[in-house]
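The structure under discussion appears below in the form of structure tokens.
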Amino acid sequence: MLELATYEGRKRVKGSLALALLFTALAGMYTGTFPSIVEGMDPETLDQLTSSYPDAMIEALNLQSLTTIEGYLASQLYTVGWILLAGLYFGYTGAGLIADDVDRGRMDVLLFLPVSRSRLVAEKFASVLVPLVAINVVVPVVVYVASRAIGYPIAALDVVMMHLLSIPYLLCCAAIGLLFSVVVDRASIAQRSVLGALFGLFLLESVVAGTDFGWIGNVAPMHYLDPTAILMHGEYDLVAASVLLVATIALVGASQVWFARKDVA
0 MLELATYEGR KRVKGSLALA LLFTALAGMY TGTFPSIVEG MDPETLDQLT SSYPDAMIEA
60 LNLQSLTTIE GYLASQLYTV GWILLAGLYF GYTGAGLIAD DVDRGRMDVL LFLPVSRSRL
120 VAEKFASVLV PLVAINVVVP VVVYVASRAI GYPIAALDVV MMHLLSIPYL LCCAAIGLLF
180 SVVVDRASIA QRSVLGALFG LFLLESVVAG TDFGWIGNVA PMHYLDPTAI LMHGEYDLVA
240 ASVLLVATIA LVGASQVWFA RKDVA
């Protein structure tokens, strides 16, 4: 059981360590620069500067407040680094899960194994848990320790919940990539397509938020993860996380059905 998932997961260990180191550096950089920003400018001036940005930028970057460590990390590290960059990474990874083997002519070998196509898709998808666990174990520790080291401690529970609630979001991004991976045979096309789709959804959700067309943004997975609400207000939206998990299951199921009926050249 899960031999394929284990094999695929082992192949991702080195990449996961590199990813964890990258986000560790990013977390350390953003946390470490906060004192120089908040102490180098009057808080009122900083808030006025923030409010002068266009509404779309404020929504896109969650720029509610840069005068607190929670608001600063919510907008800089978690909106830019986590929702956007990590989301794109997992979408890109998901888009290569099936298409890469088809593109390189290795899928025929895998289909000779005594596993169904549905199980193959599910176990391939399960391998993304390796980088997912790696970054969500290492980064919150770095953020918490670094915030205490600079004299602006952040609540440990809020940091932990931020990362726990981000897991359904990142899984959903990977599931969107998986769907592209089974629909498109060329890995490069699938990966570019999902990057464009996720970035487009990020922009869409930012542009329509607070307008009469705000309901359109409900289709974007990033709509269901709000770092500012978690870190600044201690609000944990479990319903939104459940929506993302249901969407992930639906996307993986759709990918399994599509691949089961697909002719692999």
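When we follow numbering that gives the first Met the number 0, the leftmost residue of the sequence shown carries the number 0, and every step to the right adds one.
For every residue, glycine included, the Cβ atom is placed at its ideal position computed from N, Cα and C.
Is residue i near residue j, with beta carbons less than 8 Å apart?
i      : j      : result
Ile68  : Phe33  : yes
Val251 : Phe89  : no
Leu109 : Leu119 : yes
Leu194 : Leu87  : yes
Gly199 : Val207 : no
Ser165 : Thr30  : no
Ser126 : Ala259 : no
Val137 : Gly8   : no
Gly80  : Gly176 : no
Classify residue i as buried or exposed, calling it buried when 16 or more other Cβ atoms lie within 10 Å of its own Cβ.
i      : result
Tyr223 : buried
Pro53  : Any reading at Pro53 needs caution, since the residue's pLDDT is 49, under 50, leaving its predicted position unreliable; the model's value is listed next. When all chains shown are included, Pro53 counts as exposed.
Ala148 : exposed
Thr5   : exposed
Ser180 : buried
Ala189 : buried
Phe201 : buried
Asn135 : buried
Met28  : exposed
Identify which residue in the options has its Cα closest to the Cα of residue i.
i      : options                           : result
Glu2   : Ala98, Ala121, Gly233 and Arg105  : Ala121
Arg105 : Arg185, Pro152 and Leu76          : Arg185
Phe22  : Asp102, Ser115 and Val132         : Val132
Tyr235 : Asp225, Leu243, Val242 and Leu244 : Asp225
Val158 : Gly233, Val183, Ala17 and Ile215  : Gly233
Ile153 : Tyr71, Met28 and Arg9             : Tyr71
Tyr168 : Thr78, Tyr151 and Thr5            : Thr78
Cys171 : Glu38, Glu7, Val242 and Met160    : Val242
Pro335 : Pro130, Gly150 and Met161         : This structure cannot settle anything about residue 335, because the visible part of the chain is limited to 0 through 264.
Ser15  : Gly27, Thr66, Val37 and Ala85     : Ala85
Leu178 : Ala26, Gln75, Leu76 and Lys261    : Lys261
Leu197 : Thr210, Met231 and Pro220         : Pro220
Ser35  : Tyr143, Thr66, Val114 and Asp211  : Thr66
Gln255 : Val182, Ala228, Pro113 and Phe111 : Val182
Leu76  : Val142, Ala253, Val245 and Thr247 : Val142
Would DSSP call residue i helix, strand or coil?
i      : result
Tyr235 : coil
Pro53  : Note on Pro53: pLDDT 49, under 50, position unreliable in the model; no value is reported.
Thr92  : helix
Phe212 : coil
Val79  : helix
Arg185 : coil
Arg9   : helix
Phe111 : coil
Pro152 : coil
Arg147 : helix
Arg105 : coil
Asp157 : helix
At which residues does the alpha helix (DSSP H) containing residue i begin and terminate?
i      : result
Arg118 : Arg116 to Ala125
Asp100 : Ala98 to Asp102
Leu72  : Ile68 to Leu72
Taking 8 Å as the CB-CB cut-off, is residue i touching chain D?
i      : result
Leu128 : No chain D is present in this structure, which holds just one protein chain.
May I ask you to check if the CB of residue i is nearer than 7 Å to at least one heavy atom of the ligand MN?
i     : result
Leu83 : Questions concerning the ligand MN fall outside what the structure shown contains, since it holds no ligand whatsoever.
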